[in-house]
Ligand SMILES: [Mn+2]
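In the numbering used here, the protein residues as written are 182 to 501.
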């Protein structure tokens, strides 16, 4: 059971004006938390502002409608609540200016350095969504069907549809409570995961058709090249998640997706399992990430980039 610090509950209960911000490259957790907090605090009678990012991802478009009908602005005022943001550099300020305003940070990233004036960091929490849910309940704030849906999306996406190692009893329990409050798992899963554009579908086909394995299938490369990708867009949304198809192949320990975003510019996404630290490969090429999920950009043609990455993966795996 999460315990909400008294000073966080107090600051939000007593405050009258808030601006909600989150991190760059918005994801399901950050958007779900922001939308839920915005709705619920607005319904409490507070003046709340939620400046929306231009790059609001299409698959979360249905949640954008959840904030319609409430007063809002792009610059906001009052204390700033930052949700799901691991460090100051990741804050998506948009048109908001800090100007010494109080920053309340609510987050679940382990490496959060407590950058706010008030901080509630809970690394054990599966998603920031769980924290916001507990906060709203502690406040006795209204949680209607749409607010519950936004929080359900936050938990569902950060736990990989309740399949990652952070899918704890807490996440299942909170999700169950949110379903009781009106979140519809079938509808929300459909909106977020089964809502491909035709371009995306074609990209899956091309990447899988171009699959190539090394070392008896232990390494699998997928490729999206400009020659066969007709409706090419450099938007991450057009290739997001394709690499997971490679990781669902039996026997694959390391996968890479090579996306030719411009001539001689290759975006590489890397995945691994079984304790293999693939971020070593990303770092070698100036990128970064987590041990099991990393990425980098290589300025070379496809063949050269693939050969170079293969060589580094071989080193990490201990092949000569
Ligand atoms: Mn999160």
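Even glycine gets a Cβ: it sits at the ideal position worked out from N, Cα and C.
This structure is a prediction, so every number in the text was calculated from the model and none was measured.
Under 8 Å between C-beta atoms of residue i and residue j
i           : j           : result
residue 213 : residue 317 : no
residue 430 : residue 462 : no
residue 370 : residue 210 : no
residue 297 : residue 263 : yes
residue 323 : residue 244 : no
residue 248 : residue 228 : no
residue 473 : residue 494 : no
residue 261 : residue 231 : no
residue 290 : residue 304 : yes
residue 307 : residue 285 : no
residue 470 : residue 476 : yes
residue 406 : residue 483 : yes
residue 373 : residue 246 : no
residue 207 : residue 251 : no
residue 359 : residue 329 : yes
residue 376 : residue 423 : no
Alpha-carbon to alpha-carbon, residue j and residue i
i           : j           : result
residue 295 : residue 326 : 32 Å
residue 341 : residue 269 : 25 Å
residue 271 : residue 205 : 6 Å
residue 434 : residue 400 : 6 Å
residue 320 : residue 190 : 7 Å
residue 454 : residue 265 : 25 Å
residue 410 : residue 403 : 13 Å
residue 451 : residue 197 : 45 Å
residue 480 : residue 442 : 10 Å
residue 421 : residue 312 : 27 Å
residue 233 : residue 432 : 42 Å
residue 378 : residue 273 : 27 Å
residue 235 : residue 203 : 13 Å
residue 255 : residue 278 : 11 Å
residue 419 : residue 363 : 31 Å
residue 352 : residue 478 : 35 Å
residue 457 : residue 439 : 19 Å
residue 350 : residue 488 : 43 Å
residue 283 : residue 193 : 12 Å
residue 357 : residue 394 : 41 Å
residue 185 : residue 287 : 10 Å
residue 465 : residue 258 : 43 Å
Assigned exposure category for residue i - 16 Cβ within 10 Å defines buried
i           : result
residue 448 : buried
residue 500 : exposed
residue 436 : buried
residue 381 : buried
residue 408 : exposed
residue 310 : buried
residue 223 : buried
residue 390 : exposed
residue 361 : exposed
residue 301 : buried
residue 345 : exposed
residue 347 : buried
residue 485 : exposed
residue 386 : exposed
residue 513 : Beyond the ends of the chain as shown, which are 182 and 501, falls residue 513; an answer cannot be given.
residue 503 : Only positions 182 to 501 of the chain appear in this structure, which leaves residue 503 out of reach.
Paired residues, beta bridge with residue i - DSSP
i           : result
residue 437 : 402, 451
residue 301 : 287
residue 535 : The shown model of the chain, from 182 to 501, leaves out residue 535, and the question about it has no answer.
residue 260 : 199
Three-way DSSP call (helix, strand, coil) for residue i in this model
i           : result
residue 354 : helix
residue 202 : strand
residue 280 : coil
residue 272 : strand
residue 374 : helix
residue 123 : The displayed coordinates of the chain run from 182 to 501. Any statement about residue 123 would go beyond what the structure contains.
residue 478 : strand
residue 470 : strand
residue 229 : strand
residue 308 : coil
residue 221 : helix
residue 332 : helix
residue 368 : helix
residue 409 : coil
residue 430 : coil
residue 207 : coil
residue 235 : coil
residue 421 : coil
residue 460 : helix
residue 185 : coil
residue 341 : coil
residue 213 : helix
residue 362 : coil
Short CB-CB distance (under 8 Å) between residue i and chain C
i           : result
residue 196 : The structure shown contains no chain C; it is built from a single protein chain.
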